[in-house]
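Number of protein chains: 4
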Amino acid sequence: MNLEKSTKIQLKMRLNSIKNDKINEECGIFGGCSRAGNIAPYLKCALLKLQHRGQEAAGICCGDLKQTLYKDFGLVNSVFRNIKISDIKGSFGIGHVRYSTFGDSRKENIQPLKVTYMGEDVSLAHNGNVSEAKNIREKFERIGEVFLSSSDSEVILKRIIFSLKKKPSLWTYDEVAKCLCENFSLGSYCILLYLPNRIMAFRDPFGYRPLMFASCDEGDFAASEDVAFYGLKVNKMIEIMPSCGVEINSEGYEIKPAYTNKDISQCVFEQIYFASPASNIFSKSVYNTRYKLGEILAGCEDKDFCADVAIPVMDSGLACAIGYSSALNIPFHLGLIRNNWMERSFILPEQKKRTRNVLEKFIPVKSVIEGKKVVLIDDSLVRGTTSGEIIKILKECGASEVHMRSVSPKIINTCFWGVDIPTKEELISYNKTECEIAKIIGAKSVKFLPLDKLRDVFEGDIWCKKCFEENRK
Amino acid sequence: MNLEKSTKIQLKMRLNSIKNDKINEECGIFGGCSRAGNIAPYLKCALLKLQHRGQEAAGICCGDLKQTLYKDFGLVNSVFRNIKISDIKGSFGIGHVRYSTFGDSRKENIQPLKVTYMGEDVSLAHNGNVSEAKNIREKFERIGEVFLSSSDSEVILKRIIFSLKKKPSLWTYDEVAKCLCENFSLGSYCILLYLPNRIMAFRDPFGYRPLMFASCDEGDFAASEDVAFYGLKVNKMIEIMPSCGVEINSEGYEIKPAYTNKDISQCVFEQIYFASPASNIFSKSVYNTRYKLGEILAGCEDKDFCADVAIPVMDSGLACAIGYSSALNIPFHLGLIRNNWMERSFILPEQKKRTRNVLEKFIPVKSVIEGKKVVLIDDSLVRGTTSGEIIKILKECGASEVHMRSVSPKIINTCFWGVDIPTKEELISYNKTECEIAKIIGAKSVKFLPLDKLRDVFEGDIWCKKCFEENRK
Amino acid sequence: MNLEKSTKIQLKMRLNSIKNDKINEECGIFGGCSRAGNIAPYLKCALLKLQHRGQEAAGICCGDLKQTLYKDFGLVNSVFRNIKISDIKGSFGIGHVRYSTFGDSRKENIQPLKVTYMGEDVSLAHNGNVSEAKNIREKFERIGEVFLSSSDSEVILKRIIFSLKKKPSLWTYDEVAKCLCENFSLGSYCILLYLPNRIMAFRDPFGYRPLMFASCDEGDFAASEDVAFYGLKVNKMIEIMPSCGVEINSEGYEIKPAYTNKDISQCVFEQIYFASPASNIFSKSVYNTRYKLGEILAGCEDKDFCADVAIPVMDSGLACAIGYSSALNIPFHLGLIRNNWMERSFILPEQKKRTRNVLEKFIPVKSVIEGKKVVLIDDSLVRGTTSGEIIKILKECGASEVHMRSVSPKIINTCFWGVDIPTKEELISYNKTECEIAKIIGAKSVKFLPLDKLRDVFEGDIWCKKCFEENRK
Amino acid sequence: MNLEKSTKIQLKMRLNSIKNDKINEECGIFGGCSRAGNIAPYLKCALLKLQHRGQEAAGICCGDLKQTLYKDFGLVNSVFRNIKISDIKGSFGIGHVRYSTFGDSRKENIQPLKVTYMGEDVSLAHNGNVSEAKNIREKFERIGEVFLSSSDSEVILKRIIFSLKKKPSLWTYDEVAKCLCENFSLGSYCILLYLPNRIMAFRDPFGYRPLMFASCDEGDFAASEDVAFYGLKVNKMIEIMPSCGVEINSEGYEIKPAYTNKDISQCVFEQIYFASPASNIFSKSVYNTRYKLGEILAGCEDKDFCADVAIPVMDSGLACAIGYSSALNIPFHLGLIRNNWMERSFILPEQKKRTRNVLEKFIPVKSVIEGKKVVLIDDSLVRGTTSGEIIKILKECGASEVHMRSVSPKIINTCFWGVDIPTKEELISYNKTECEIAKIIGAKSVKFLPLDKLRDVFEGDIWCKKCFEENRK
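Residue numbers (our numbering), protein chains in the order written: chain R, 78 to 550; chain U, 78 to 550; chain W, 78 to 550; chain G, 78 to 550.
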């Protein structure tokens with residue numbers, strides 16, 4: 078028997094059950110106007126720092142009046158490998174790193190989307206989900222409109238153009254905002270629009286996705302996360318509030334309302350999983366949130382619960398595990414080494430590629446596992462397949478017991494806002510007790526953060542926790 | 078002094094005056110339905126045989142219900158170098174080789190253009206010029222439509238979709254024809270349309286560009302020139318008449334009228350320059366036409382005119398020169414060797430690349446030139462810059478005299494139909510006598526075919542010769 | 078001022094002083110014979126797990142009698158992106174990941190090196206440094222031998238061939254070992270040799286570099302580290318002892334002596350920095366070693382020393398920091414997030430590329446740094462430039478104090494064995510007190526592990542610690 | 078039935094019998110020293126003009142003291158597509174276009190071959206065949222030398238280095254010549270050697286292959302054919318005589334004897350087939366030779382022989398056909414259009430690729446063939462398979478009769494000098510009468526130039542005609 082047969086058959090049996098086992102990332106955007114000199118190097122640097130939000134494709138659109146577009150599949154470094162970034166002209170620009178959500182993996186779906194309308198260039202990049210896009214697309218098709226891509230970006234841009242019907246240089250911020258408000262008020266998305274010598278940025282009315290602004294020595298920029306500004310000389314950092322936006326030109330910037338206000342509903346998973354631990358999202362430090370969630374979860378343990386070692390599932394479980402182990406005084410160890418040379422798992426659009434990398438991604442450190450009672454800390458359990466796989470690995474390394482801990486509550490519902498969560502039936506927590514879940518994934522015990530404890534971190538009514546709740550309001 | 082300085086400066090002075098010195102090619106199209114098995118290899122083979130009609134880019138769109146598109150800049154061989162052509166599925170398909178006419182050199186302008194409308198794939202490829210495209214584009218933009226490319230293909234396809242507003246599988250040939258007739262009746266173009274499991278082909282009402290159909294053992298196909306069918310087992314070959322078209326599906330084909338009849342006006346340059354000498358265009362052998370033009374021109378020479386050697390300007394002047402030399406009994410020699418390893422000159426979209434290759438393209442054979450009275454035969458003179466350059470080369474090789482002959486009459490007008498001819502002022506024949514032209518290009522004498530003699534070859538009123546005529550009717 | 082001017086000038090001033098600030102990696106090798114089926118997928122998987130040992134280039138040579146070579150610059154994943162690994166034939170093979178040591182960055186220097194001698198294929202890959210290679214090369218050149226690459230692999234292979242002068246299939250293990258022993262007995266290297274249907278592996282007499290062997294269900298393999306065997310069904314794992322080797326063919330394997338015994342002298346930096354924390358090198362867990370070094374260093378702190386947070390310099394400082402913080406009960410935090418999307422710093426051969434990535438590589442987590450007394454734990458200080466840079470970043474984030482700790486003693490000497498350490502003068506610890514060093518790098522205090530404490534981890538005389546010692550024995 | 082089945086099966090039957098049906102090209106070389114400025118653009122221009130001598134691969138090696146090498150598979154234009162030729166530094170350089178002869182198609186076999194010996198760069202390019210290379214290679218291997226490529230270039234360069242055993246800058250022309258004379262005196266080759274700031278060129282003692290020298294305003298250069306100098310300002314052109322060579326440095330050049338004189342024996346196929354018609358080889362115009370061969374062959378026809386049209390097999394048969402048709406007053410027509418977009422047939426190293434292109438390469442012009450008695454003129458018949466194929470095509474186009482004519486005598490022997498001719502048994506003329514040959518290829522009649530008539534063109538004893546002769550002297 079060879080690799081295809083012996084090892085691989087066993088692996089396949091395991092791997093077949095491991096599918097998309099994370100809530101999917103939500104793309105990253107960055108754009109603005111550089112104070113002096115070209116913006117392209119800033120765009121590339123920022124996208125590198127937002128790369129965790131999407132690794133399938135990347136693109137930038139730069140210029141002043143005329144815009145030039147560079148985009149391709151692959152990581153930022155690979156997309157720009159053969160492009161001399163310092164040669165790309167223009168003070169204005171927007172950039173995008175993409176995790177494939179809606180829209181299939183065709184090159185024309187990579188953002189930004191650029192068009193020429195009435196002789197002027199316009200481009201658009203958005204992250205998040207545009208709930209109404211499908212309906213608007215169909216309505217457009219019925220009146221004879223044709224789409225060249227299957228991306229929502231084209232729907233948004235078409236919708237704006239169809240409403241305004243004039244040269245992009247004549248569009249006002251208020252007109253664009255009005256169009257978005259009338260047509261896309263139910264979305265959970267942020268938009269960057271690059272018009273001749275102007276950038277407009279919009280955060281949706283609920284504020285589901287984060288949008289940050291920074292006025293720096295180097296220029297004025299908007300970004301999905303403040304980590305994108307790291308390395309710049311920031312003079313003023315502003316969180317763009319839900320239903321608001323910012324207009325940037327070479328003279329300066331103006332923060333403005335855009336949509337009719339709605340109840341704020343910020344996605345907790347931006348804090349728990351999507352964002353960089355170095356970011357401050359929705360005015361909170363992501364690292365601290367995760368640490369605190371770990372601490373709170375520790376407080377929920379039975380008095381007599383003890384373990385020899387607390388091991389995080391990298392990378393998002395790391396701060397959680399530090400908080401957890403510190404609270405319980407359980408030794409913290411990096412028992413699973415992440416192989417940096419593999420692509421981030423679960424990020425490729427096709428199912429097959431997702432599963433191929435799982436085993437390669439984590440390499441166990443036998444010396445901290447063997448003979449130990451291990452408590453494994455993750456940010457969340459979605460399908461539970463990865464957890465099951467990792468528990469198997471830990472046991473093979475000689476762990477005497479493995480206890481699974483999730484710092485987020487049970488995910489028992491799909492995302493109303495379109496985050497790519499599996500159906501209820503595929504969710505391991507749906508209609509199952511912690512005991513039942515433990516059995517399925519092979520853990521000695523499983524514990525989730527109780528939903529009411531989540532409020533200790535995410536206070537008030539400004540958070541979307543719908544995926545933890547059984548019945549939608 | 079180095080190359081940049083010594084040789085290059087001299088060359089530059091010469092070359093600067095050599096610009097687009099040919100009437101530009103008019104793209105090539107091929108499409109249909111293969112009887113059994115995939116069409117992709119047939120598309121590739123056919124495009125290779127139509128490559129002389131355009132070398133800037135190539136593309137094919139293949140499938141059955143669903144369509145897959147492959148297109149890129151470069152020669153056919155280079156575009157498909159890394160694609161396993163036999164793996165491309167589907168019995169239906171259309172293909173295109175592009176010479177850049179309208180529409181700048183962006184990848185999205187390469188044809189075919191494929192879109193998905195109401196859940197179904199449609200693609201389109203056209204050659205020639207669509208006079209009304211610009212107006213229709215502007216009209217569309219005013220009502221809020223946005224175009225993702227700058228190609229006329231998108232305008233045509235949008236216009237059809239906007240008229241029909243229903244699933245492509247429901248479009249009838251007559252409906253599409255009606256839409257074309259109402260909107261693009263002044264064009265000089267041919268269209269291939271690939272709908273789910275159907276191909277439609279249309280030739281414009283004036284029949285400016287050629288369109289051939291062949292029913293073969295291998296399938297039913299339409300093509301710009303019959304040379305594209307070479308190698309197939311052709312059972313029936315039909316010239317699609319002006320204002321007509323053909324619909325092809327897996328059951329067979331039907332030749333049908335499409336537009337309201339207009340006066341036929343076939344472009345003489347298809348015979349003189351664009352088409353392959355192996356083709357039969359507008360029911361005439363291209364090779365024979367060129368040979369006969371050479372013969373007729375020979376008949377116009379003064380009785381006492383004699384020369385030591387007749388040399389063709391390759392490739393289109395070749396048959397002309399054989400006819401000419403044979404009629405006058407002047408020895409025929411290939412005094413200018415074409416360097417096959419250079420790209421065909423004048424074909425790249427940017428001016429600079431056009432001029433770079435001129436000198437490299439022709440290498441003189443000194444032994445047949447030195448000390449000889451040379452008569453140089455070309456198909457036409459546009460700006461005259463290439464002719465001037467070649468005459469210089471011949472003299473440097475020791476030609477005692479060089480006489481220039483053009484088998485087409487003086488080109489003194491731009492093309493009403495959009496063929497990419499320079500402005501009148503750039504045309505060497507505009508407002509100049511043969512004597513004056515000879516002086517400019519450095520020839521001992523220059524002679525063009527008299528316009529009335531052209532009628533000996535192109536009889537009747539079915540030919541467009543507008544570029545030879547001073548006042549447009 | 079633009080990016081080139083404003084930000085960049087400041088950065089440049091910082092970055093200019095940051096140069097190669099780590100002891101360089103020492104390449105990784107893997108080879109053997111797969112029991113049934115092709116070896117290529119095993120080679121690729123193993124090289125991915127050894128990628129931390131070298132990221133400049135990768136290659137594999139596979140086959141049975143005939144060998145096929147695939148190699149290129151780039152990470153393993155990138156080198157094999159367009160190669161269908163399961164199509165590569167052959168049960169035998171060797172692979173290499175390269176950090177550029179001697180030998181400049183030309184493609185022919187990438188390993189394995191394959192030649193055809195007397196009609197048979199032979200290939201060789203080695204890691205480490207071959208001290209005598211330069212002399213042997215010169216000696217060879219004097220007798221008229223010419224080298225096509227500048228790699229030591231060619232010198233070793235040439236030397237073997239020159240000694241044996243017969244078909245590779247006739248070479249015995251003992252003959253090859255004798256040749257190595259007579260010519261390369263002073264090196265610090267491991268060799269993989271792929272002869273027709275045979276693999277030979279050798280570890281140098283001092284055992285400077287590690288070499289592991291594993292007999293698995295899937296085949297018999299030798300590797301630089303045991304982490305390379307992870308994922309295989311290992312039946313027997315053997316550390317190839319210094320001066321020994323192993324011969325592998327399709328029948329099985331034989332561990333054999335190769336060189337005359339010398340005093341064992343294993344490189345401590347394999348444990349401290351080079352190897353994966355998941356590996357067991359020289360019979361010790363790398364993770365444990367680093368953890369313990371942290372603990373011991375903690376024990377050396379003044380009684381009254383305290384700090385608010387212990388932060389590791391990723392990745393090699395991580396286990397050290399956990400040990401350190403745990404011993405002193407200082408909160409452990411990941412205050413510097415590693416950007417996985419950047420290439421590992423200091424790894425590219427040119428100085429310029431090395432420095433470009435430094436700032437991008439670590440992103441500080443402000444919320445765990447601001448207002449805190451930080452103790453920063455690294456595995457070692459070489460030039461000290463990175464440390465200085467990181468301290469600057471921490472202070473900019475609001476750290477009230479930064480204390481630097483190195484779990485290895487002061488490096489005050491270059492490597493006798495050719496590890497790419499800067500000259501003495503460039504070493505920050507050379508001739509400097511901890512106080513002086515602290516001032517240079519901007520730390521409140523600096524502490525190194527005392528050399529005599531190192532013996533608590535690396536006991537006995539079997540360790541090379543020459544770079545910590547002033548006078549070479 | 079689909080393409081694979083219907084057309085392809087028929088084609089396959091035809092094509093299977095068409096194999097390498099030409100004597101193979103013999104590579105092209107160019108090198109020298111540019112007077113001022115970089116040589117790289119001159120090298121590229123020259124190689125483009127020598128491209129007909131080899132299309133498998135191309136390379137240049139440029140510099141002054143240090144040399145840089147650029148080489149790859151593909152046509153010159155494709156190899157240098159992504160290289161900015163004007164950026165390549167250095168006044169000295171050598172270049173090579175390769176037709177694969179000995180040495181398989183591995184990248185390391187592409188020329189020039191560059192090595193660093195005793196710290197100095199040396200490179201070598203040669204064309205033709207080095208009869209003694211195989212023996213010398215084996216001798217070298219027996220003493221323990223190893224070769225990294227399978228090209229003869231490495232053997233020659235090794236042999237020189239082994240003889241001289243000193244720094245290349247110290248090698249004298251006479252020493253190198255002596256080494257070549259002693260070791261490679263039986264070859265049929267030309268060599269370019271690039272030493273630090275010097276170029277040496279050598280033509281073999283028999284003068285089998287041509288070597289030209291030109292002192293130009295732009296520099297001093299050696300080349301396989303004088304066509305390579307076209308476009309330069311040539312002040313002095315010299316044919317390097319058999320057994321001689323030239324040394325070029327920045328001061329000037331010196332023509333010198335190199336080998337012991339032998340009987341001159343110039344390859345007639347350089348005139349008949351290999352060289353460009355624009356070249357003057359062995360002091361004769363290639364075009365004129367071919368024309369004259371056509372005339373002489375015409376003179377051998379029966380008095381009553383007549384035909385309607387004379388058609389050349391492109392490209393080498395062209396001048397022959399003009400000469401032939403002119404002598405007999407048979408109308409000359411280009412009845413087979415060459416498709417310039419296909420790669421030159423018979424040029425790719427693998428048999429399969431050779432045959433694939435045959436049908437695509439020539440497109441018949443029906444209007445000059447149909448109903449005509451055709452006489453088809455080719456330069457030579459080797460296997461006769463192409464001729465058979467073309468005759469079939471002509472008949473399918475309606476030719477009433479096809480008569481085959483070869484302007485070279487029957488090829489009945491393999492090439493003593495290593496030109497890649499098939500074995501005797503594969504030669505169509507071996508042991509067959511013209512009548513028998515006609516039957517095989519489907520011609521009405523076949524006629525070869527009688528061997529004694531060849532002397533009317535190639536006078537004296539200085540020509541190698543061994544392949545036409547039964548018994549070797």
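For every residue, glycine included, the Cβ atom is placed at its ideal position computed from N, Cα and C. Owing to the predicted nature of the structure, the values given are computational and were not obtained by experimental measurement.
- Task: Rank S230/W, P282/W, Y194/W and E231/W by C-alpha distance to the C-alpha of K255/W and give the top, closest one.
- Result: Sequence index remark: in the third sequence, residue 255/W carries index 178 (1-based). Comparing alpha carbon positions, the residue from S230/W, P282/W, Y194/W and E231/W closest to K255/W is P282/W.
Below 8 Å on the Cβ atoms is my guess for V386/W versus V451/W; work out the distance and round it to an integer in Å.
Within the third sequence, the letter at position 309 stands for residue 386/W. Within the third sequence, the letter at position 374 stands for residue 451/W. Contact holds; Cβ gap of about 6 Å.
Checklist entry - So with Cβ pairs under 8 Å, would you call Y401/W a contact of chain R? => result Residue mapping note: residue 401/W aligns to position 324 of the third sequence, counting from 1. At least 8 Å separates the CB of Y401/W from every CB of chain R.
Could you confirm whether any beta carbon from chain G is found closer than 8 Å to the beta carbon of L405/U? Taking the second sequence and counting its residues from 1, one reaches residue 405/U at position 328. No, L405/U lies away from the interface with chain G (no Cβ there is under 8 Å from its Cβ).
Closer than 8 Å to chain G by CB, K126/U:
On the second sequence, residue 126/U is found 49 positions in, with the first residue counted as 1. Closer than 8 Å: yes.
Are the region 122-136 of chain W and the region 205-217 of chain W touching, with three or more C-beta to C-beta distances below 8 Å? no
- According to DSSP, residues forming a beta bridge with T193/G: The sequence position of residue 193/G within the fourth sequence is 116, counting from 1. Per DSSP, F224/W and D198/G.
Exercise. With 16 as the cutoff for other CB atoms within 10 Å, does E324/W come out buried or exposed?
Worked result: Stepping through the third sequence from its first residue, residue 324/W is reached at position 247. E324/W should be labelled buried.
- Query: By the 10 Å Cβ neighbour count, where 16 or more other Cβ atoms means buried, how is K314/G classified, buried or exposed?
  - Reply: Counting from 1 along the fourth sequence, the entry for residue 314/G is found at position 237. What sits at residue 314/G in the sequence shown is Met, not Lys. Its Cβ having fewer than 16 others within 10 Å, M314/G is exposed.
Task: Straight-line gap, F150/G to V156/G (C-alpha atoms, nearest Å) - done: The residue you call residue 150/G lines up with position 73 of the fourth sequence. The residue you call residue 156/G lines up with position 79 of the fourth sequence. Using only the alpha carbons, I get a separation of about 7 Å.
Residues bridged to A278/R [DSSP beta-bridge criterion]
The residue labelled residue 278/R in the question sits at position 201 within the first sequence. In DSSP, A278/R forms a bridge with L269/R and V323/R.
With a threshold of 6 Å on Cβ separation, who are the neighbours of R415/R within its own chain once the five nearest residues in sequence on each side are excluded? Here residue 415/R refers to the residue found at position 338 of the first sequence. Answer for R415/R: M391, listed in chain order.
* Excluding five sequence neighbours on each side, which residues of the same chain lie with their C-beta closer than 7 Å to the C-beta of K429/W? -> In the third sequence, residue 429/W corresponds to position 352, counting from 1. Its pLDDT being 37, under 50, K429/W is placed unreliably in this model, and the value from its coordinates should be taken loosely. Counting only Cβ-Cβ distances below 7 Å, and skipping sequence neighbours, we find nothing.
Which residues, in chain order, does the region 268-296 of chain R contribute to contact with chain W at a C-beta distance below 8 Å?
D294 and E295
Which residues of the region 361-375 of chain R have a Cβ closer than 7 Å to any Cβ of chain W? Give them in chain order. Of all residues in the region 361-375 of chain R, those with a C-beta nearer than 7 Å to a C-beta of chain W are S362, Y364 and N365, reading in chain order.
Please determine, among M481/R, S111/R, S477/R and L152/R, the residue with the shortest C-alpha to C-alpha distance to N417/W.
For the purposes of this step, residue 417/W is taken as residue 340 along the third sequence, with counting starting at 1. Among M481/R, S111/R, S477/R and L152/R, the Cα nearest to that of N417/W is on L152/R.
Residues sharing a beta bridge with E316/G, DSSP: For the purposes of this step, residue 316/G is taken as the residue at position 239 of the fourth sequence. According to DSSP, E316/G bridges with M289/G.
Is the beta carbon of G172/U less than 8 Å from the beta carbon of G108/U?
-> Stepping through the second sequence from its first residue, residue 172/U is reached at position 95. Stepping through the second sequence from its first residue, residue 108/U is reached at position 31. Yes, the Cβ-Cβ distance between G172/U and G108/U is below 8 Å.
Quick one: what does DSSP say K361/W is sitting in, helix, strand or coil? Taking the third sequence and counting its residues from 1, the one referred to as residue 361/W is at position 284. For K361/W, the secondary structure class from DSSP, reduced to helix, strand or coil, is strand.
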